[in-house]
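Remember, our numbering sits 13 above the position in the sequence shown when you count from 1.
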Amino acid sequence: MDCGGTVLCGSSAYTKKYYLNEDFQGLPQGIKDELKIMCVLYTEDIGGTLTLVFDEEGCLQFQAACDEGDLLYDDIGSVLKIKQLQRMKEDLFGSLEMYYKIFFLGEELSEEDLED
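1. Short of 8 Å in beta carbon distance, which residues of its chain neighbour Leu85, apart from the five on each side in sequence? Order them along the chain.
2. Helix, strand or coil: which one does DSSP assign to Asp15?
3. Helix, strand or coil: how does DSSP classify Cys72 here?
4. Contact check, Gly71 vs Glu110 under 8 Å by CB: the rounded distance?
5. From which residue to which residue does the beta strand (DSSP E) around Thr28 run?
6. Measuring straight from C-alpha to C-alpha, what distance separates Asn34 and Glu47?
7. Glu121 by DSSP, collapsed to three states: which one?
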């Protein structure tokens with residue numbers, strides 16, 4: 014698993030654990046709850062691990078992985094589920110990216126950002 018960037022959160026079907034980076038404890042509770050539910054449901058349904066990582070530009074990336082030899086992991090389901098989540102939660106992920114760019118990368122808001 015390539016975690017080149019800042020980990021936001023992740024979940025593992027193997028350890029049955031969820032992780033939220035302590036740097037993001039300032040997020041509203043509702044967003045933290047939504048991330049936890051989304052990640053845990055993903056790993057319960059698909060298996061393996063799911064990690065949400067901000068890349069160097071501040072874009073949120075989904076990193077799915079499984080242990081070698083895990084015959085229960087659903088490769089095709091993983092791709093489909095991630096695409097579904099990206100569509101369904103587009104506003105949430107866009108807001109998280111803006112939050113990260115402002116508070117972690119120190120970017121300024123533009124007029125365009127305010128209109129979105």
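Quick reminder that beta carbons are idealized off the backbone N, C-alpha and C, glycines included.
On the basis of the coordinates in this document:
1. Here residue 85 refers to the residue found at position 72 when the sequence shown is read from its first residue. Correct list, in chain order: Gly60.
2. The count along the sequence shown starts at 1 and reaches residue 15 at position 2. Bear in mind that a pLDDT of 49 at Asp15, under 50, signals an unreliable position, so the model cannot answer this.
3. As a working note, residue 72 is residue 59 in the sequence shown. The answer is coil: DSSP assigns Cys72 none of H, G, I, E or B.
4. Reading the sequence shown from its first residue, position 58 is the one you call residue 71. Reading the sequence shown from its first residue, position 97 is the one you call residue 110. About 6 Å separates the beta carbons of Gly71 and Glu110, which is inside the 8 Å limit, making them a contact pair.
5. As a first step, residue 28 must be located in the sequence shown, where it is residue number 15. Neither: Thr28 is in no beta strand (DSSP E) and is coded neither H nor E.
6. Indexing the sequence shown from 1 puts residue 34 at position 21. Indexing the sequence shown from 1 puts residue 47 at position 34. Between Asn34 and Glu47, the C-alpha separation is close to 15 Å.
7. As a first step, residue 121 must be located in the sequence shown, where it is residue number 108. It is coil, neither helix nor strand.
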